[in-house]
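Numbering (this note's numbering), first residue to last: 1 to 371. Backbone N, C-alpha and C define an ideal beta-carbon position, used for all residues, glycine too.
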């Protein structure tokens, strides 16, 4: 068995451990404590490490830009197609899908396969591409989440200046935001991870290692088995994967002469699982709304749906990675990618096709245009 497969199975095992611990950690306060540990210790540490290790070489500057372009393009496409799946615009579920689906978590789902199947160079290229993805998940996703929060609470902009100021101060004091600011200051001064005192860098690295196991165990503890919801998530993941294969095919056609390893990187990197970081932004927004006393049905995001999306996304992405690397360079063909993408889109939209047959296409279009 390949080491990449073994590592992936180990990650999935952590998810299963979380499921098995549900009876032992059934108190909501315990789950809240674990989430607090993730958001205030593990996640800030791994963000700090990722930012201070980020180095962009001039000859590969296009990789972060391509990853960021992928995030943005998928976001724009999803804005158009999500209403066809019965997701009303400006609804918590719609915003949850739209924030999470364009994000990528290559460290959990892609990098183990890159190092095993393609080697160190491909892993280095993937790490550079992930810089663009980090810009999206850390900055752009945060700005989107905040803009939706403010739109969802218009009263904050007018008659509640003091409360708005208090909420903004709470947001500034969030450990994640403080860490991002500190890391950017250090990078501006030319200070990277290797320049920190050894005891300090070792402590931060050890804290960052908590991130993966804690997140996967938390997902196992928090996931709610709403099978109808999980079925819709799987359908949309098929659509996301199909669209991603098409985007990869377009990038490959626009960049002729790439080596086989580079082409496979363009195929598998965008197929990475959904990132946990936008969920962190959602949790921060949920904390602000709790202070405001916002009703659950009026919240900006649906955190239960977000947890289920994260839980389904990792094994789904793993299956895609195994599929691609099982056939190897066969997936370097743009024609094949378009074909596979079409099949996945067809499978993911079966529910829509059935609804069209039952209701009639004009009726479905009327509902979508009315959203």
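{"Asked": "Per DSSP, which residues does residue 284 bridge with? Please list them.", "Found": "In DSSP, residue 284 forms no bridge with anything."}
{"Asked": "Which one or two residues does DSSP pair with residue 273 in a beta bridge?", "Found": "105"}
{"Asked": "In its own chain, which residues sit with a C-beta less than 6 Å from the C-beta of residue 175, not counting the 5 before and 5 after it?", "Found": "40 and 44"}
{"Asked": "Do residue 230 and residue 100 have their beta-carbon atoms positioned less than 8 Å apart in this structure?", "Found": "no"}
{"Asked": "Quick check on residue 114: buried or exposed, where buried means 16 or more other Cβ atoms within 10 Å of its Cβ?", "Found": "buried"}
{"Asked": "To the nearest angstrom, report how far apart residue 212 and residue 108 are at their CA atoms.", "Found": "8 Å"}
{"Asked": "Around the Cβ of residue 8, are there at least 16 other Cβ atoms within 10 angstroms (buried) or fewer (exposed)?", "Found": "buried"}
{"Asked": "Quick check for students: name the residue ranges of the alpha helix (DSSP H) that lie wholly in the stretch 54 to 101, counting only runs of 4 or more.", "Found": "62 to 81 and 92 to 100"}
{"Asked": "In the structure shown, what three-state DSSP assignment does residue 308 receive?", "Found": "helix"}
{"Asked": "Determine the burial state of residue 119: buried for a count of at least 16 other Cβ atoms within 10 Å of its Cβ, exposed for fewer.", "Found": "exposed"}
{"Asked": "In this structure, does DSSP put residue 159 in helix, strand or coil?", "Found": "The predicted position of residue 159 is uncertain, since its pLDDT is 47 and thus under 50; no value can be drawn from it."}
{"Asked": "So, using beta-carbon positions, are residue 375 and residue 233 closer together than 8 Å?", "Found": "No answer is possible for residue 375: it lies beyond the span of the chain, which begins at 1 and ends at 371."}
{"Asked": "So, for residue 237: in the same chain, excluding its five sequence neighbours on each side, which residues have a beta-carbon less than 6 Å away from its beta-carbon?", "Found": "316"}
{"Asked": "If I follow the unbroken alpha helix (DSSP H) through residue 149, where does it start and stop?", "Found": "141 to 152"}
{"Asked": "Taking all protein chains shown into account, do 16 or more other C-beta atoms lie within 10 angstroms of the C-beta of residue 284, making it buried, or fewer, making it exposed?", "Found": "buried"}
{"Asked": "Just verifying my parser: in three-state terms, what is the DSSP assignment at residue 5?", "Found": "helix"}
{"Asked": "Exposed or buried, which one is residue 22 when buried takes at least 16 other CB atoms within 10 Å?", "Found": "exposed"}
{"Asked": "Please state the DSSP three-state secondary structure of residue 300.", "Found": "coil"}
{"Asked": "For residue 24, is the classification buried or exposed, using 16 other Cβ atoms within 10 angstroms of its Cβ as the cut-off for buried?", "Found": "exposed"}
{"Asked": "Rounded to whole angstroms, how far is the Cβ of residue 270 from the Cβ of residue 248, which I believe are closer than 8 Å?", "Found": "6 Å"}
{"Asked": "Taking its Cβ as the centre, do 16 or more other Cβ atoms sit within 10 Å of residue 289, making it buried, or is it exposed?", "Found": "buried"}
{"Asked": "Just verifying my parser: in three-state terms, what is the DSSP assignment at residue 342?", "Found": "helix"}
{"Asked": "Using the C-alpha atoms, what's the distance from residue 345 back to residue 50?", "Found": "34 Å"}
{"Asked": "Mind checking which residues open and close the alpha helix (DSSP H) that includes residue 232?", "Found": "227 to 254"}
{"Asked": "Can we say the stretch 88 to 95 touches the stretch 250 to 269, given the rule of at least three CB pairs closer than 8 Å?", "Found": "no"}
{"Asked": "Who are the near neighbours of residue 293 in its chain, counting only those whose CB is closer than 6 Å to its CB and skipping five residues on each side?", "Found": "none"}
{"Asked": "How many angstroms separate the CA atom of residue 138 from the CA atom of residue 272?", "Found": "17 Å"}
{"Asked": "Applying the criterion that 16 or more other CB atoms from any shown protein chain within 10 Å of the CB defines a buried residue, is residue 191 buried or exposed?", "Found": "exposed"}
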